[in-house]
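In what follows, a structure is listed as structure tokens, so that the remarks can point back to it.
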Amino acid sequence: MKKSQPIRMCIACRSRFPQKDLIRLKQAKENIVAYDNEGRSFYLCDECSINEKKIKGLIKRFKQEEERFIKLLKELIKNG
Ligand SMILES: [Zn+2]
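Residue numbers (the numbering used here): 1 to 80.
If you want it as structure tokens, here you go:
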């Protein structure tokens, strides 16, 4: 039997993807940061993490500082 891989939902487009294909983030106080195995995490798909409109929506939704948040996403895409 094939082992099923975990599926997670992207918070921006609400589509489901294999967990390994998603960027994993978490909220630390006011800031969204890369997930570090502590606390509650959430996911963002590759497409949304480079989609300006979606990014702006998230910045608003989570009240993030735009420059820092975009920089974080870029770093995570590069590392992934
Ligand atoms: Zn998405």
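Cβ atoms here follow ideal geometry from the backbone N, Cα and C, with glycine treated the same way.
A quick note: this is a predicted structure, and the numbers were derived from the prediction, not measured.
* Anyone know if the C-beta pair for I59 and E52 falls short of 8 Å? -> In the sequence shown, the residue the question calls residue 59 occupies position 59. In the sequence shown, the residue the question calls residue 52 occupies position 52. No, Cβ-Cβ distance for I59 and E52 is not below 8 Å.
* Keeping to the same chain, check which residues put their C-beta closer than 6 Å to that of K54; ignore five residues upstream and five downstream. => Mapped onto the sequence shown, residue 54 falls at position 54. Excluding positions up to five away in sequence, the list reads A12, C48.
* Smallest Cα separation from L73: which of R16, N31, E38? -> As a position in the sequence shown, residue 73 is number 73, starting the count at 1. Nearest C-alpha to L73: N31.
* Taking just the CA atoms, how far does K78 sit from D21? -> For the purposes of this step, residue 21 is identified with residue 21 of the sequence shown, where counting begins at 1. For the purposes of this step, residue 78 is identified with residue 78 of the sequence shown, where counting begins at 1. Here the alpha carbons of K78 and D21 stand approximately 13 Å from one another.
* K26 to E38, Cα distance in whole Å? -> Translated into positions along the sequence shown, residue 26 becomes position 26. Translated into positions along the sequence shown, residue 38 becomes position 38. Each residue's alpha carbon lies about 9 Å from the other.
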